[in-house]
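**Q** Numbered per this note's numbering, the sequence shown spans residues 192 to 358. A virtual CB, placed ideally from N, CA and C, is assigned to each residue, including glycine. Because the structure is a prediction, the values reported are computed rather than measured.
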Amino acid sequence: MGEAGRQQPFEADSAVTDAAGAVISVRVADCAPVSLVSPEGVLGVIHAGWRGIAAGVVEAAVNSARGLGARRLEAFIGPCIHPECYEFDASLIERFASRFGHAVRSETAWGSPALSLPEMAKSALRKEGVTDISEAGACTSCEDSRWFSHRARKEKQRHALAVWKSD
Ligand SMILES: [Zn+2]
192 MGEAGRQQPF EADSAVTDAA GAVISVRVAD CAPVSLVSPE GVLGVIHAGW
242 RGIAAGVVEA AVNSARGLGA RRLEAFIGPC IHPECYEFDA SLIERFASRF
292 GHAVRSETAW GSPALSLPEM AKSALRKEGV TDISEAGACT SCEDSRWFSH
342 RARKEKQRHA LAVWKSD
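Take a look at the structure:
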């Protein structure tokens with residue numbers, strides 16, 4: 192994204208910008224919203240669901256941010272579905288565990304195989320050299336009075352994570 196105000200709204204799984212005044216945001220309900228911020232003034236947001244992470248959305252966003260001059264990147268992972276609520280296909284979990292590490296392998300509150308989406312996002316970030324990672328640590332599924340969940344309650348609403356660089 193270039194200069195603020197010059198772009199039409201568009202749909203994508205990630206966006207990066209170095210333009211002062213540009214607001215970029217991601218809207219989710221269960222997928223992880225991830226922001227990237229660099230002291231060099233490059234910002235990014237990522238819609239990080241398991242499909243997107245597996246398809247390389249984190250890598251693409253970090254590469255784009257570096258292409259705009261970001262050196263040190265800090266990441267924040269917002270509220271998303273957590274493993275205690277995220278029953279998942281066992282064979283896919285094994286595939287992701289071999290690629291993203293054992294920490295993605297987890298268990299639901301009721302004892303079924305579960306995917307840890309936050310761990311998958313963190314692993315994908317670390318693979319790209321982003322090690323300064325903080326997390327909201329909130330689960331969209333079981334913290335139902337605070338967050339929306341598509342999976343748990345079929346809610347149509349989304350929450351947004353937005354970043355911008357002031358002028
Ligand atoms: Zn939960």
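Cutting at 6 Å between CB atoms, please list the residues of its own chain near residue 351, excluding the five before and the five after it.
**A** Same-chain partners within the cutoff: 216 and 218.
**Q** From residue 250 to residue 309, what distance separates their C-alpha atoms?
**A** Computed Cα separation, rounded: 16 Å.
**Q** With residue 206 as the anchor, note down where its beta strand (DSSP E) starts and where it stops.
**A** Per DSSP, residue 206 belongs to the beta strand (DSSP E) from 205-208.
**Q** Exposed or buried, residue 285, counting other C-beta atoms within 10 Å across all chains shown (16 or more means buried)?
**A** Result: exposed.
**Q** What are the start and end residues of the beta strand (DSSP E) that includes residue 316?
**A** No beta strand (DSSP E) holds residue 316; the alpha helix (DSSP H) holding it covers 308-318.
**Q** Would you identify the three-state DSSP class for residue 298, choosing helix, strand or coil?
**A** Here residue 298 sits in strand by DSSP.
**Q** Can you list, in chain order, every residue whose CB sits closer than 5 Å to a heavy atom of ligand 1?
**A** Those satisfying the condition are, in chain order, 273, 275, 276, 330, 332 and 333.
**Q** Are the beta-carbon atoms of residue 307 and residue 278 separated by less than 8 Å?
**A** Not in contact: residue 307 and residue 278 (Cβ atoms no closer than 8 Å).
**Q** Assuming residue 209 contacts residue 265 under a Cβ cut-off of 8 Å, what Cβ separation, rounded to an integer in Å, is found between them?
**A** Contact flag wrong, Cβ pair sits at about 15 Å.
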